[in-house]
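Below is one structure, written out as structure tokens; the observations come after it.
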Amino acid sequence: MAANMTHDVLSRCLMHGKLRTGEEIGVRADQLLTQDGTGTMVFLQLEKLGTSRLKGRFAICYVDHNTLGEGPENADDHRFLRSACERFRLHFSRPGNGIGHQVHLERFAVPGQLLLGADSHVTTLGGLGMLAIGTGGLELAVAMTGSPHYLICPAVIRVVLGGQLAPWCSAKDAVLHIIERLAQRNCVGVSLEYDGPGVKNLSVAQRATIANMGAELGLTSSLFPADERTRAFLAAQGRARDYRRLAPKKSAGYDDEIQVDLSRVVPMVALPPSPLKAVPVRDVAGLDVQQVAVGSCTNGGFYDIARLAMVVRKRKIHPELSAVVAPASRQVFQALLTKGYLADLSAAGFRLAESVCGFCIGHGHAPASGSVSVRTSNRNFIGRCGTRDARVYLVSPETAAATALTGKLTDPRDLRRPAPRVREPARYPIDDTSILPPTRKRKPVELHRGPNIVDPPVNEPLPASIQAEVVLKVGDGISTDEILPAGRWLKYRSNVQRYARHAFADIAPGFAERALENLEHETFTVIVAGEGYGQGSSREHAAMCVRLLGVRVILAKSFERIHLTNLINHGIVPLRFLDQRTYDRIQQDDYLELPWIARELRKSETVSLRNPDTSVEYKVKHGLTRRQIKILLAGGLGNYISRQQA
Ligand code: MIC
Ligand code: SF4
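Here it is, written out as structure tokens:
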């Protein structure tokens, strides 16, 4: 059996290990990407790793998350990032130039190459045939030094697409349909590869939307072939030379296969509070809506916003509703401007927002308390929009348009009008002046630090035994948005010590204070969780801040991929329940002893726990690789690397 496309790309980049599903491999990526929200930590950690500059690979930092500029912190971060890009020799995409994934799709993604990015939605680039994998910041910094990037070689599911999307149905509906089908399956360690006659019926932008939300399933990657449509897209970007055909071999092997008939896809919505709760719009149509927000790296492209504009053209949005649109990049903004679409949207009553993440991460445009917001973005976890008790519904731009007109969640087919037809420009407006390449400075560049930019904490090695209190017990699907909210605290991304105060602020206020109190009494903190702990964002702060508060162990039924690695890299031991009974028996406020944790990690598959008050003993498993155990014993990846260097 021949390798599938995913394994083909990985095998070309392989530095360590054997390319076998489920085994740990080390790879060298062709391109590296970070953004401002994760990037300040990437560079602070890179500085510690002692690297002088990146050599021979394309690397870029986008400023797209931290852009509101309420106080000097955001602008200080931008100045710091620019100096870091100069020092380590990366490209720098200025604030307002666009959301990284969109700009990368337009200007830099290359079919058949491997990209590593400190953001979970780099998977978007799979729409152009680039294998793109999200990582934590420290891991990206390590990859920047030239060391291999380690990951578990994914199992690959072939998604055979047939048919064509019906009028009013879109790529967002298709991916929500796929999510609905796969939501019950554990997709950690799994990649999707798209194939079949339906692929040619999707544009690169539509493929990118589908690849984008693969991140919500926790997939390692989502990959489309690169074909004539890819070639046309690259030509329209003035990048025809970057085109390489990418197609699976006839005899390619897969771990599983599913069939998706695009013509049967209907308008879909993900209900709060999880993108995995996808249902047809008609199941919940008629719900009163107070806000509509269109944009983000999922649905902020030219096609998406042009379709929105055509639906609302010469009409007005519902008077009781507020609507905002944020084109995903400056290029999209200009293309829409030239064709008059932004004028249509403004005339209809839409607020025009910057080409940044903005509302998608609760950085501006937070909805009213207890209200309903209908958005085209990809995540709707509790508090992510900036309002704890708002309910966010995720839809396509077409459904958002129909909803904006009626004030109620509306299936766009019920507008009873012909669906708009949009043609992508044959040539996009290309202007790379907001992407600054590193200049050839001879002297070393100083990192420009503002007062809110603080060195990350240094961790101690894992003690031989641990005494801890269960300060928090949660259920399934806790996301990194719930662990460390972004929104109005996003500006503390460069200051782990300050940011840590907001750990679990939306779902367990007072967590940080209690954990710190424990530390004063030399007691660590344990968190107990259900399935899929740490889904969503790649932000390593969800590990770093929690570690700083004294969390040394997390017991969960299962962990999401990127967060699991972040925990390990920052010295928190992820342990898994062997059965439901143990999860049920361990309660919040219990004290737990792990008397032989360091020895057991080295020598055994299981770890012992004991409740000193009841004398009840439990066993849990770790499921970690030898390398991961060594990192944990050292107290984290930074310590592990310095030991190796010593
Ligand atoms: C997200 O969509 O959750 C984010 C914000 O882009 C994150 C990165 C971050 O938290 O900085 C992600 O997807 O990794
Ligand atoms: Fe930005 Fe939202 Fe995309 Fe994350 S998902 S990169 S916050 S637009």
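Add 3 to a position in the sequence shown, counting from 1, and you land on the number used in our numbering. Ideal Cβ placement from N, Cα and C applies to all residues, glycine included. This one's a predicted model, so the numbers in the text were calculated from it and none came from an experiment.
Contact set for residue i: own chain, Cβ-Cβ below 7 Å, skip 5 residues either direction
i    : result
P440 : H94
A78  : G72
H107 : L36, L128
V269 : C172, D176, P283
Under 7 Å between C-beta atoms of residue i and residue j
i    : j    : result
G365 : L226 : no
H68  : Q34  : no
A250 : P228 : yes
A239 : R430 : yes
E485 : I385 : yes
S284 : D414 : It should be noted that the sequence gives Val, not Ser, for residue 284. Cβ distance < 7 Å, so V284 and D414 count as in contact.
R391 : D509 : yes
A273 : S123 : no
H524 : L578 : no
L47  : C64  : no
A351 : I320 : yes
T379 : N302 : yes
M271 : L179 : yes
T9   : E196 : yes
R517 : V576 : no
L168 : L265 : yes
A515 : L595 : no
L635 : I571 : yes
G139 : T628 : no
L397 : P278 : yes
T233 : V263 : no
V554 : T526 : no
G638 : G574 : yes
Cutoff 6 Å; reference residue i; Cβ partners in own chain excluding five residues on either side
i    : result
E76  : N455, K494
Y621 : T585, L612
F353 : A326, V328
Q209 : A174
H104 : H124, T127, C300
D259 : I160
P3   : Residue 3 lies beyond the stretch modelled for the chain, which goes from 4 to 649, so this question has no answer here.
D347 : A312, R316
R387 : G365, D484
L522 : G553
L437 : Checking the sequence, you will find Ser at residue 437 rather than Leu. Closer than 6 Å at Cβ, skipping near neighbours: R97, N100.
A112 : L128, L131, M133
Contacting residues, own chain, Cβ-Cβ under 8 Å from residue i (five flanking each side not counted)
i    : result
Q293 : E323, L324, S325, P370, A371, S374, V375, S376
D198 : R161, V162, V163, L164, P228, P251
R56  : R90, F91, R92
V499 : M44, V457, P459, P460, H544, M547, C548, L551
A405 : V314, T413, D414, P415, D417, L418
V202 : L164, R210, F227, P228, D230
Cβ-Cβ separation, residue j to residue i (assumed contact under 8 Å), whole Å
i    : j    : result
S497 : T43  : 4 Å
A135 : G149 : So it is not a contact: roughly 20 Å between Cβ atoms.
G115 : I565 : The Cβ separation is near 23 Å, so there is no contact.
C190 : L220 : 4 Å
P151 : S194 : The pair is not a contact, with the Cβ atoms about 19 Å apart (cut-off 8 Å).
R242 : N100 : At roughly 17 Å, the Cβ-Cβ gap does not stay under 8 Å, so R242 and N100 are not in contact.
Length of the line joining the Cα atoms of residue i and residue j
i    : j    : result
V395 : V448 : 44 Å
Y257 : T223 : 15 Å
A503 : G641 : 20 Å
Q538 : I530 : 15 Å
D307 : L355 : 15 Å
P598 : I469 : 6 Å
I600 : P466 : 8 Å
V623 : A559 : 10 Å
D80  : R491 : 15 Å
L450 : E50  : 9 Å
R630 : L22  : 17 Å
N204 : G166 : 8 Å
I213 : D230 : 17 Å
P98  : M147 : 23 Å
G74  : S14  : 47 Å
D582 : G40  : 37 Å
V556 : E27  : 23 Å
A281 : I261 : 18 Å
I632 : H368 : 43 Å
L154 : R247 : 26 Å
P432 : R110 : 11 Å
V610 : F236 : 52 Å
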